[in-house]
Amino acid sequence: MDKNNTIEWEAQEYVQHDKNTGWYIGLVLVGLCLIALAVWMKWWSFAVLIVVSVFALFVYSIRPPRVLKYKLDSKGLTEDNKFYSYADYKSFGILQDGQHFAIVLTPRKRFSGRVTVFFPEKQGEKIVDAFGARLPMEEVKLDFIDRVVKFLRI
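If you want this note's numbering, it's the position in the sequence shown, counting the first as 1, plus 138.
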């Protein structure tokens, strides 16, 4: 890929799943049960943590995802103002969540997090080819935390 051959697109930062009233009631009930346990055990800091966590989950769940601008060139991937160099990643893979497609970059450093980048299907072939020219492609699977987040529709 030369300097003139950049690929640009826009995509949401994450897939937003619909949540009904039952989801919010369940969140509050689980929070209340955990708070009751914390009070019974006299774990005051845990009780405060649960209140803050439930509030944060509620706010996060109603916040719409931002639309991010991406640029892929010969040096790496730029997500808005954050740059990801190819050299920092050992491989990439593709995930499909319903009608949404994402590239997942696997870092070289052991304790670094994976980077997930959603892309439109119509540009998918160009984007995958561009990553494939720089990084080996590996099968990626959802880890435990990703499966829990997907199950809870967060």
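No residue lacks a Cβ here, since even glycine has one placed at the ideal position from N, Cα and C.
I'd like the list of long-range same chain contacts for G236, defined as Cβ closer than 8 Å, with 5 residues on each side in sequence excluded. V153
Can you look up F269 in the DSSP assignment and give me helix, strand or coil? helix
May I ask which residues mark the beginning and end of the beta strand (DSSP E) holding I292? Counting along the chain, I292 falls outside any beta strand (DSSP E), and DSSP gives it neither H nor E.
Which residues does DSSP list as the beta-bridge partners of D235? H238
For L210, count neighbouring C-beta atoms within 10 Å of its own C-beta (all shown protein chains included) and say buried if the count is 16 or more, exposed if not. buried
Tell me whether the segment 166 to 174 and the segment 276 to 286 touch, counting them as touching only if at least three CB pairs, one residue from each stretch, are closer than 8 Å. no
May I ask you to report which of helix, strand or coil DSSP gives Q154? coil
Pick from L233, S250 and F239 that is closest to D226, judged by C-alpha positions: S250
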